[in-house]
Structures are given as structure tokens and as C-alpha cells.
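Asks:
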Amino acid sequence: METLLSNSLVQATGMDLNRELELILTRRQLFGLASTGIGVAALASLLKPTVFADTQPGRDPKTGGLAGLPHFAPKAKRVIFLHQSGAPSQMDLFDYKPKLQRYHATELPDSVRMGQRITGMTSGQSSFPVVNSLFKFSQHGQSGAWLSELLPHTAKIVDEITIIKSMNTEAINHDPAITFIQTGSQQPGRPSLGSWVSYGLGSENQNLPSFVVLLSLANAINTDQPLFSRLWGTGFLPSSYQGVRFRGSGEPVLYLDNPPGVSKTTRRQMLDAVVRLNRIKSETYGDPEIETRIAQYEMAYRMQTSVPDLMDLSREPAHVFEMYGPDSRTPGTYAANCLLARRLAERNVRFIQLYHRGWDQHNDLPRDIALQCKGTDQASAALILDLKQRGLLDDTLVVWGGEFGRTVYCQGKLTENNYGRDHHPRCFAMWLAGGGIKRGVTLGETDDYSYNVVSDPVHVHDLQATILHCLGIDHKRLTFKFQGRHFRLTDVHGEVVGKILA
3 METLLSNSLV
13 QATGMDLNRE
23 LELILTRRQL
33 FGLASTGIGV
43 AALASLLKPT
53 VFADTQPGRD
63 PKTGGLAGLP
73 HFAPKAKRVI
83 FLHQSGAPSQ
93 MDLFDYKPKL
103 QRYHATELPD
113 SVRMGQRITG
123 MTSGQSSFPV
133 VNSLFKFSQH
143 GQSGAWLSEL
153 LPHTAKIVDE
163 ITIIKSMNTE
173 AINHDPAITF
183 IQTGSQQPGR
193 PSLGSWVSYG
203 LGSENQNLPS
213 FVVLLSLANA
223 INTDQPLFSR
233 LWGTGFLPSS
243 YQGVRFRGSG
253 EPVLYLDNPP
263 GVSKTTRRQM
273 LDAVVRLNRI
283 KSETYGDPEI
293 ETRIAQYEMA
303 YRMQTSVPDL
313 MDLSREPAHV
323 FEMYGPDSRT
333 PGTYAANCLL
343 ARRLAERNVR
353 FIQLYHRGWD
363 QHNDLPRDIA
373 LQCKGTDQAS
383 AALILDLKQR
393 GLLDDTLVVW
403 GGEFGRTVYC
413 QGKLTENNYG
423 RDHHPRCFAM
433 WLAGGGIKRG
443 VTLGETDDYS
453 YNVVSDPVHV
463 HDLQATILHC
473 LGIDHKRLTF
483 KFQGRHFRLT
493 DVHGEVVGKI
503 LA
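According to the working numbering, the sequence shown holds residues 3 to 504 in order.
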């Protein structure tokens, strides 16, 4: 069988495997005869850039994660990250600032701005008028947390969540800011948060990826910010830990189904043959990515059964759809993806990343933020309630928020019932719930303009360290050696936010 496959491969590609093996032996002789020292190391790094990557650590045979992890008893087994791409306006949703009524339409004082850099979209403005939110705020729950009228469903679960009003970041534009909150670096090329978790803890479900990505379109009218697949990529980690995107329409995962005319038995025979060929290559080259390829083929084969069952919502009772809202019956919507996130959590998928676009409201903010909240508020709250009633919230960490905040001053023309807001990295709001997080807590304060943090600042690296802590991971000890340096998600920064831990 292998001979037939080898012959057919040679005929199809013109490649002679025996000749290729001879060339490999010749290269080996080159290294054997060459001078020892830094020159050989340099040549090796050019021919195989991952030669200095630590790609063979000890693995847990049960989960595929690192041996010795978690570092301590975890409170959460999995994460659902509801990323609101585009940056929701904190003072229109969570950060109630009654004094803005008095300051409305006045110039933002220099003593508040303190020379902060601003984007090119407002740098040419001659005036920076303060804008009070058009939306009413009121207190909710036993915690008395202030929430906007745009979030009536979140108001019902406010005693289940911790709201952080003092988040801050380093990036001022979308792509570096989203890259930063997802990978710990503004520069592309680093592993994503989900990949780090998958690499460290592995998976408790062998029939689904440990890291799944869901994308939903905007409810707003303005154009969405683009999202790139590198946001759920592995960077220098082995590629088996990258996020697998599940689509809302058509095939849930591209190329998962068998081609027309190919039976399950034929596919199994083909995979077995390919595995044997890959084993030969692996023994010859010693490239760990070949082992990754073998594992991914096997995962894809198992997913042919597990994914259709996962995506089949027909067995969900009517009251569940009613809880998540009318959009939950439409694949690819935020509500449908929140319901799907619960189904993934039930199946012990380790990291579920949901991206919802449409929060970039430089103009027409009152209209678009109302549309966004209408499309997300009910489903976000329903996810918390659904997890709780199924006994999953205690060991599932849910994170909601964007990449930065928005300015208190108006972008463009300020009118009686319309305004826009620019990007603002100095402060923004997020909420967390579930595994390891206190209930009914509000952390952090900003000034009267929601412009600067005045107490309990939480940096993005602090958030990342806290997420890992809830999973039983010491963020300083989850590292990967690449090109001579030990990297980690939080780089050389980050402190666990102890005040929000249960």
C-alpha cells in the first residue's frame, strides 16, 4: 500500500522520495564536516527558524497540556471571552458621571487631558466639547451598581458579575489595541490568550478543538472594524494550539466534510495512508509540525461527527431561545453565538472566543450604541443565567469588554441629540463573571470626566494575569522558549487583581 502511494505521489508531483532522502543525507554530511561553533548554529537557524524553539516539553497524556499544570487548584476550567470589538463607550453604559450634565458642551480642561495624545481623527479639531450621555442611569441589584438604561438585561444579573471601571491599555488604535488584549503585545506575531491556555492546559474533549472562535456581525449601521485570523493564532507556539473558527453559515468548519463520492471508510483509509507517509517524514526530518499535522487530521476526522451534533440547535427547547432573544434562531448572530458558546462549554471546550463587531462609534453614537445593546444585552445576560442554572457558571469564567474606551469629548459636531466619541485608552469598563470571580462587585473609579483612573487601575496585563490565575496558572511560570528567550503572555508585566477574586 505504501509503495503504491509513494509511486502515485511521484507520478503526481514528479518528486522522487529516495532522491529527497539522499539530499537530506548530503545536508547532514555538510553539518558533520562543517566547523563547529556559532557558524553552524547560525546556518541551522536560517534553514530551520524553529530550531531554537522549545517545542518538546513534557505533556500530560490525558489532556495534552503541560505536565505540572495547573500550578494550583483552579476555580475555572474554561473561559468564554465576549470581545466587543470597536470599544463600547464606558460613560454611556457603565461609568455613571452625573457632573457631566454641568460640564456638557464646555471645553475639556487641559488639567484633565494632561497632554494626552489623541488620534488623527480628532487631532485637527479646534474644540473638544464635553458630552454628557443621552442615556439615563439607575442603580440595580443588592450591589447598587449603576447601569445605563441600554442594559436592562445586564441589570438583572448585576449581582452575578464584577464590573471593572478602571481598565486601561497602551494602544490608541484598534488593531494594536485588539492585538494587545488578545496576545499581550501590540505587535503581531505573539500567541493569543486562547492559544496560551490551550498550550498550557490542553483539552478535556478529544473530539473538539480546545480553542474555538466565533464571529458575529455588527448590529449597528456603521461599518465594522476588520478582524484578522492572527488574533487567534499561535505565533511561535506549535500550530496545533491555534483557534479554530466556526462559521455561522454553510459548513461550520471549512473542508471538514468529505468531498462528494468519498465515503467515511475511504476517508479513514486515506488518512491512515497519509499518517504513514507523515510518520516517515517525521522520523527523517524531526519536525514537530509534522506531528501537529497528523494530530490535526485525526481531530478533523473526529469533528465530522462531533461538530454536526454541536451545531444542531433543534433539540434546544423554545424557552431557551426565548431567553437568548429572537436573534438566537439565526445562525451567526451574537445571540446564536452566545447559545453556541454555552453548548461548547457543556462539551468542555477550554477557550471560547466570541468577537462581536460594530462598537466603533465615532459618529451617530446614540443611534448605533442603542442598536448594539439591543443585539447583545439580552444574550449576554442569558448566557450567565443559562450557565448558572446548568451548574456551569461556577467553573466557567466569562469576560465581556472591548479593547479600550471612548472619549468624553465629542468627535465632530455636537448637536442636541447626536454626538460621536473617539478612542480612549486611559480608562474603560469590562465585566467578568463565574469561576473564581466575586459576585456583585464594582472595582475602580475614574475622575468626573471618565477620562483618568483615580483608584484601583487595572492594566490589560493585569486582566490577562487574572484570567490565567482563575484557571490555576501562574502567569509568570507559563512560558515558551523561542529564539533564546522565554516568552510569556504578560511579557514582564501583570499583577493578579486580588480584589475581584472570590
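Heads up, the beta-carbon is just placed ideally off N, CA and C, and yes, glycines get one too.
Quick caveat, the model's predicted, so the values are computed rather than measured.
Buried or exposed: where does P328 fall if 16 or more other Cβ atoms within 10 Å of its Cβ makes it buried?
Replies: Counting from one through the sequence shown, the residue named residue 328 turns up at place 326. Exposed, since its Cβ has fewer than 16 Cβ neighbours within 10 Å.
Asks: How many whole angstroms separate the CB atoms of S187 and D493, which I take to be in contact at a CB cut-off of 8 Å?
Replies: Along the sequence shown, one-based indexing puts residue 187 at 185. Along the sequence shown, one-based indexing puts residue 493 at 491. Going by Cβ atoms, the distance from S187 to D493 rounds to 7 Å, so yes, they are a contact pair.
Asks: I need the DSSP call for F406, collapsed to helix, strand or coil.
Replies: On the sequence shown, residue 406 is found 404 positions in, with the first residue counted as 1. Of the three classes helix, strand and coil, the one that applies to F406 here is coil, per DSSP.
Asks: Would you report the Cα separation of L373 and W361, rounded to the nearest angstrom?
Replies: Stepping through the sequence shown from its first residue, residue 373 is reached at position 371. Stepping through the sequence shown from its first residue, residue 361 is reached at position 359. About 10 Å.
Asks: Take Q485 as the anchor and find which of L68, G237, Q363 has the nearest alpha-carbon.
Replies: On the sequence shown, position 483 is the one that residue 485 refers to. Measuring from the Cα of Q485, the nearest candidate turns out to be G237.
Asks: Assuming L434 contacts L399 (C-beta within less than 8 Å), just tell me the rounded distance between them.
Replies: Start at 1 with the first residue of the sequence shown, and residue 434 comes out as number 432. Start at 1 with the first residue of the sequence shown, and residue 399 comes out as number 397. Correct: roughly 7 Å between the Cβ atoms.
Asks: So what's G377 in DSSP terms, helix, strand or just coil?
Replies: Walking along the sequence shown from the start, residue 377 turns up at place 375. G377 falls in the helix class under three-state DSSP.
Asks: In whole angstroms, give me the CA-to-CA distance for W402 and P262.
Replies: Taking the first residue of the sequence shown as 1, we reach residue 402 at position 400. Taking the first residue of the sequence shown as 1, we reach residue 262 at position 260. Going by C-alpha positions, W402 is about 41 Å away from P262.
Asks: Can at least three beta-carbon pairs, one atom from the segment 374-382 and one from the segment 413-428, be found at a separation below 8 Å?
Replies: no
Asks: Can you give me the C-alpha to C-alpha distance between D314 and K99, rounded to a whole angstrom?
Replies: For the purposes of this step, residue 314 is taken as the residue at position 312 of the sequence shown. For the purposes of this step, residue 99 is taken as the residue at position 97 of the sequence shown. D314 and K99: Cα-Cα distance of roughly 45 Å.
Asks: I need the straight-line Cα distance from S194 to L71, nearest angstrom please.
Replies: Here residue 194 refers to the residue found at position 192 of the sequence shown. Here residue 71 refers to the residue found at position 69 of the sequence shown. Just so you know, the alpha carbons of S194 and L71 end up roughly 19 Å apart.
Asks: Please report how far the alpha carbon of D289 lies from the alpha carbon of Y451, in whole angstroms.
Replies: Your numbering for residue 289 matches position 287 in the sequence shown. Your numbering for residue 451 matches position 449 in the sequence shown. D289 and Y451: Cα-Cα distance of roughly 55 Å.
Asks: Could you tell me how far apart the beta carbons of S87 and G407 are, in whole angstroms, since I believe they sit closer than 8 Å?
Replies: Along the sequence shown, read from residue 1 onward, the residue named residue 87 stands at position 85. Along the sequence shown, read from residue 1 onward, the residue named residue 407 stands at position 405. With a Cβ gap of about 14 Å, S87 and G407 do not count as contacting.
Asks: Compare the beta carbon distance of L203 and G60 with 7 Å and say whether it is the shorter of the two.
Replies: The residue given as residue 203 occupies position 201 in the sequence shown. The residue given as residue 60 occupies position 58 in the sequence shown. It is not a contact, given that the beta carbons lie outside the stated cut-off.
Asks: Where T164 and L445 are concerned, what is the direct C-alpha to C-alpha distance, given to the nearest angstrom?
Replies: By 1-based counting over the sequence shown, the position of residue 164 is 162. By 1-based counting over the sequence shown, the position of residue 445 is 443. About 7 Å.
Asks: Could you check whether the segment 202-219 touches the segment 242-250, counting it as contact only if at least three pairs of C-beta atoms, one from each stretch, sit closer than 8 Å?
Replies: The segment 202-219, when compared against the segment 242-250, does touch it at the 8 Å Cβ threshold.
Asks: Taking 6 Å as the cut-off, is the beta-carbon of P131 closer than that to any non-hydrogen atom of the ligand NAD?
Replies: The ligand NAD is absent from the structure shown, which contains no ligand whatsoever.
Asks: Is it the case that the Cβ atoms of D177 and I371 are separated by a distance below 7 Å?
Replies: Along the sequence shown, read from residue 1 onward, the residue named residue 177 stands at position 175. Along the sequence shown, read from residue 1 onward, the residue named residue 371 stands at position 369. No.
Asks: A381 to S330, Cα distance in whole Å?
Replies: Along the sequence shown, one-based indexing puts residue 381 at 379. Along the sequence shown, one-based indexing puts residue 330 at 328. Linking A381 to S330 through their CA atoms gives a straight-line distance of about 8 Å.
Asks: Mind listing, in chain order, the continuous alpha helix (DSSP H) runs of no fewer than 4 residues lying wholly within the segment 121-198?
Replies: Runs of the alpha helix (DSSP H) inside the segment 121-198: 154-158, 176-185.
Asks: My guess is that V443 and A467 are in contact by the Cβ rule of under 8 Å, so how many angstroms apart are they, rounded?
Replies: Within the sequence shown, numbered from 1, the residue matching residue 443 stands at position 441. Within the sequence shown, numbered from 1, the residue matching residue 467 stands at position 465. With 8 Å as the limit, V443 and A467 do not qualify as a contact, their Cβ atoms being about 18 Å apart.
Asks: Contact between the segment 262-275 and the segment 216-230 is defined here as three or more beta-carbon pairs at a separation below 8 Å; is this criterion met?
Replies: Touching, no.
Asks: Quick check: the Cα distance between Q144 and E162, rounded to an integer number of angstroms?
Replies: One-based indexing of the sequence shown puts residue 144 at position 142. One-based indexing of the sequence shown puts residue 162 at position 160. Between Q144 and E162, the C-alpha separation is close to 10 Å.
Asks: So, T65 versus S200, is the Cβ gap smaller than 7 Å?
Replies: Residue 65 sits at position 63 when you count from the first residue of the sequence shown. Residue 200 sits at position 198 when you count from the first residue of the sequence shown. In this structure, S200 does not lie closer than 7 Å to T65 by Cβ.
Asks: Could you pull out every residue in the same chain whose Cβ sits closer than 8 Å to the Cβ of T108, ignoring the five residues on either side in sequence?
Replies: Here residue 108 refers to the residue found at position 106 when the sequence shown is read from its first residue. Result list for T108: P131, V132, in chain order.
Asks: Pull up the distance between the alpha-carbon of V81 and that of Y105, whole angstroms please.
Replies: Counting from one through the sequence shown, the residue named residue 81 turns up at place 79. Counting from one through the sequence shown, the residue named residue 105 turns up at place 103. If you take the alpha carbons of V81 and Y105, they lie about 40 Å apart.
Asks: D424 by DSSP, collapsed to three states: which one?
Replies: As a first step, residue 424 must be located in the sequence shown, where it is residue number 422. D424: strand per DSSP, three-state reduction.
Asks: If you follow the beta strand (DSSP E) that F213 is part of, which residue opens it and which one closes it?
Replies: Position 211 of the sequence shown, counted from the start, is the residue given in the question as residue 213. Run containing F213: 213-218, per the beta strand (DSSP E) assignment.
Asks: State the Cα-Cα distance for the pair I282 and S316, rounded to the nearest angstrom.
Replies: Counting from one through the sequence shown, the residue named residue 282 turns up at place 280. Counting from one through the sequence shown, the residue named residue 316 turns up at place 314. Computed Cα separation, rounded: 44 Å.
Asks: Confirm, please, whether the CB-CB distance from A383 to K440 is below 7 Å.
Replies: Locating residue 440 in the sequence shown gives position 438, counting from the first residue. Locating residue 383 in the sequence shown gives position 381, counting from the first residue. The answer is no: Cβ separation not under 7 Å.
Asks: May I ask you to report which of helix, strand or coil DSSP gives W361?
Replies: Working through the sequence shown from its first residue, we reach residue 361 at position 359. Residue state, collapsed to three classes: coil.
Asks: Just curious, the beta strand (DSSP E) that I82 is in, first and last residue?
Replies: As a first step, residue 82 must be located in the sequence shown, where it is residue number 80. Where I82 is concerned, the enclosing beta strand (DSSP E) stretches over 80-86.
Asks: Between G250 and the rest of its own chain, which residues show a CB-CB distance below 6 Å, the 5 nearest in sequence each way excluded?
Replies: Start at 1 with the first residue of the sequence shown, and residue 250 comes out as number 248. Excluding residues within five positions, the ones whose Cβ falls inside 6 Å are P333, G334.
Asks: Cutting at 6 Å between CB atoms, please list the residues of its own chain near G191, excluding the five before and the five after it.
Replies: By one-based count along the sequence shown, residue 191 stands at place 189. So the list reads G237, once near-sequence residues are dropped.
Asks: Grouping DSSP H, G and I as helix and E and B as strand, with all else coil, what is L102?
Replies: If you number the sequence shown from 1, residue 102 lands on position 100. Three-state result, L102: helix.
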